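These notes concern the structure reproduced below.
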Amino acid sequence: DFRVSKSVRRYARDYTCSMDLAFKEVCEGITNQHGESWFFPRLVESFRLMHERGKQKCGLRRKANGRGVVAMHSFELWKKDKLVAGEVGVQVGKIY
């Protein structure tokens with residue numbers, strides 16, 4: 035069994051997770067954290083286009099080798115209403 039202490043539950047109460055609500059802000063945060071040499075503007079723009087087209091269910095959100103869709107997603111961690119962490123990643127079919 036996995037137990038979470040009361041103090042951790044109390045601390046975690048202020049946090050929520052979301053998906054695809056703040057893609058642009060997550061990309062900006064990654065760039066601020068790691069710099070443009072790692073997360074350079076042309077890469078970010080490509081990711082943004084994949085994300086937008088994926089949301090519209092057209093363009094790059096098509097069958098990949100007959101195995102499923104290809105899309106970009108962001109996952110966000112919020113403390114109250116402030117974005118405190120996030121990541122972006124690629125979904126290919128059922129694999130993220």
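Residues in the sequence shown are numbered from 35 upward in steps of one, following the working numbering. We treat Cβ as the ideally placed atom computed from N, Cα and C, and that holds for glycine. Please read these numbers as outputs of a predicted model, since none were measured by experiment.
First and last residue of the uninterrupted beta strand (DSSP E) at L111: Your numbering for residue 111 matches position 77 in the sequence shown. Its beta strand (DSSP E) spans residues 104-113.
By the 10 Å Cβ neighbour count, where 16 or more other Cβ atoms means buried, how is E110 classified, buried or exposed? Within the sequence shown, numbered from 1, the residue matching residue 110 stands at position 76. Classification for E110: buried.
From R44 to G123, what does the alpha carbon distance come to, in whole angstroms? Reading the sequence shown from its first residue, position 10 is the one you call residue 44. Reading the sequence shown from its first residue, position 89 is the one you call residue 123. Those two C-alpha atoms are separated by around 30 angstroms.
Residues bridged to M53 (per DSSP): Taking the first residue of the sequence shown as 1, we reach residue 53 at position 19. Answer is F109.
With D35 and H107 assumed to form a contact (beta carbons below 8 angstroms), what rounded beta-carbon distance in angstroms separates them? For the purposes of this step, residue 35 is taken as the residue at position 1 of the sequence shown. For the purposes of this step, residue 107 is taken as the residue at position 73 of the sequence shown. At roughly 31 angstroms, the Cβ-Cβ gap does not stay under 8 angstroms, so D35 and H107 are not in contact.
Near E121, which residues of its chain fall below 6 angstroms by C-beta distance, leaving aside the five closest residues on each side in sequence? Taking the first residue of the sequence shown as 1, we reach residue 121 at position 87. F109, listed in sequence order.
Which residue wins for smallest C-alpha separation from I129, given the options W112, K116, K113, V103? For this step, residue 129 is matched to residue 95 along the sequence shown. Of the listed residues, the one whose Cα sits closest to I129 is V103.
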